[in-house]
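Student: Below you will find the structure I want to go over with you.
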Amino acid sequence: MKLDGKVAIVTGAASGIGRRIAEVYAAHGAAVAIADLDLAGAERAAEAINTGGGRAIAVAMDVTDEAAVDAGVEGVAGQFGAVDILVSNAGIQIVAPVDQLAYADWKKLMAIHVDGAFLTTRACLRRMYARGRGGAIIYMGSVHSKLASPLKAPYVTAKHGLLGLARVVAREGAEHGVRANVICPGFVRTPLVERQIPEQAREFGISEEAVVKDIMLKNTVDGEFTTLDDVAACALFLAGFQTNALTGQSIVVSHGWCME
Ligand code: NAD
Numbered sequence: 317m318k319l320d321g322k323v324a325i326v327t328g329a330a331s332g333i334g335r336r337i338a339e340v341y342a343a344h345g346a347a348v349a350i351a352d353l354d355l356a357g358a359e360r361a362a363e364a365i366n367t368g369g370g371r372a373i374a375v376a377m378d379v380t381d382e383a384a385v386d387a388g389v390e391g392v393a394g395q396f397g398a399v400d401i402l403v404s405n406a407g408i409q410i411v412a413p414v415d416q417l418a419y420a421d422w423k424k425l426m427a428i429h430v431d432g433a434f435l436t437t438r439a440c441l442r443r444m445y446a447r448g449r450g451g452a453i454i455y456m457g458s459v460h461s462k463l464a465s466p467l468k469a470p471y472v473t474a475k476h477g478l479l480g481l482a483r484v485v486a487r488e489g490a491e492h493g494v495r496a497n498v499i500c501p502g503f504v505r506t507p508l509v510e511r512q513i514p515e516q517a518r519e520f521g522i523s524e525e526a527v528v529k530d531i532m533l534k535n536t537v538d539g540e541f542t543t544l545d546d547v548a549a550c551a552l553f554l555a556g557f558q559t560n561a562l563t564g565q566s567i568v569v570s571h572g573w574c575m576e
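Following this line, the structure appears as structure tokens:
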């Protein structure tokens, strides 16, 4: 898969999964915008790509801020000349049982995952439609787009919701050559997951080792974490796919945890 001449915006790319996707896209020829709330982290990620011979810029973007998203996408299009690929990846996790979950926490998580996906999609679609050369929209879902776990009501709800958004964008985007798909990773050892291990150990009253072995990896086929490279390879495949044959789909990358 070559992405030569393509322009990609990856949200939440200062860290974890988004950062690796940005690196892999750049290594395959794309110019990449690292869009993140954490500007310093985004700048470090962009600098590492540029030092390695790739082409990247950092963009300060809170994906829940309509004006910031619109301005950020405009800025990228102005600088790189187009937007061909969006990876809507920015995300957080908040764990609590439903009966103890603060409404503010519910709304915060929904805003980042769902409002952020909508706002970034809308801004990029406008560019893609106007240019008339198609595009790829990729949402970072989760195994929790398909399955539920205790303590994760807002996350599971938001990740299920992204499947619906992707399917609508697939239908609307088809006539413009825009495809929309969802990647659904199992557990990947990023800061987002590292924070959950002690939190869940406390909530369930078990050891951190037990959280990893008996909760996170229990239903995989081999007891292995999914890796950053596993997810980035899938994101590369979806970005480079050429036709509407692959749109409105969700691909689960989870060591068999979920087979739906
Ligand atoms: P991470 O914490 O390493 O990175 C998340 C990034 O999102 C950070 O750089 C953070 O600054 C950014 N971010 C947070 N709020 C933002 C906002 N409002 N606007 C812009 N950027 C914002 O996490 P990660 O594990 O790499 O997660 C990335 C995505 O992958 C998330 O959507 C997450 O739900 C999903 N995911 C992760 C796993 C996993 O096991 N790590 C599994 C399935 C899905």
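My numbering numbers the first residue of the sequence shown as 317 and each following residue consecutively.
Positions of the beta carbon are idealized from the N, C-alpha and C atoms, including for glycine.
Since the structure is predicted, the reported quantities are computational estimates derived from the model, not experimental observations.
1. From what residue to what residue does the beta strand (DSSP E) around residue 484 run?
2. Taking 7 Å as the cut-off, does the CB of residue 352 come closer than this to any heavy atom belonging to the ligand NAD?
3. The beta strand (DSSP E) with residue 500 in it runs from where to where?
4. Kindly give me the distance between the Cβ atoms of residue 323 and residue 347, rounded to whole angstroms, as I take these residues to be in contact under 8 Å.
5. Say yes only if the C-beta of residue 405 is nearer than 7 Å to one or more non-hydrogen atoms of the ligand NAD, and no if none qualify.
6. Alpha carbon to alpha carbon, how far is residue 454 from residue 554?
7. Relative to the C-alpha of residue 514, which candidate in 503, 558, 527, 506 has its C-alpha closest?
8. From which residue to which residue does the beta strand (DSSP E) around residue 406 run?
9. Could you give the distance in angstroms between the alpha-carbon of residue 388 and the alpha-carbon of residue 492?
10. Quick check: the Cα distance between residue 435 and residue 386, rounded to an integer number of angstroms?
11. Taking all protein chains shown into account, do 16 or more other C-beta atoms lie within 10 angstroms of the C-beta of residue 407, making it buried, or fewer, making it exposed?
12. Using 8 Å as the cut-off, can you tell me whether the stretch 365-375 makes contact with the stretch 524-544, which would need three or more C-beta pairs spanning the two stretches below that distance?
13. Curious, which full-length alpha helix (DSSP H) runs of at least 4 residues does the stretch 331-386 contain?
14. Where does residue 506 sit, in a helix, a strand or coil, going by DSSP?
15. Report the three-state DSSP secondary structure of residue 388 (helix, strand or coil).
16. Would you mind stating whether residue 580 and residue 536 have Cβ atoms separated by less than 8 Å?
Tutor: So, to answer that:
1. Not the beta strand (DSSP E): residue 484 falls in the alpha helix (DSSP H), residues 469-489.
2. yes
3. 494-501
4. 5 Å
5. yes
6. 7 Å
7. 527
8. It is not in any beta strand (DSSP E) - residue 406 carries neither H nor E in the DSSP assignment.
9. 23 Å
10. 8 Å
11. buried
12. no
13. 332-343, 355-367
14. coil
15. helix
16. Missing from the structure shown is residue 580; the chain here goes from 317 to 576 and no further.
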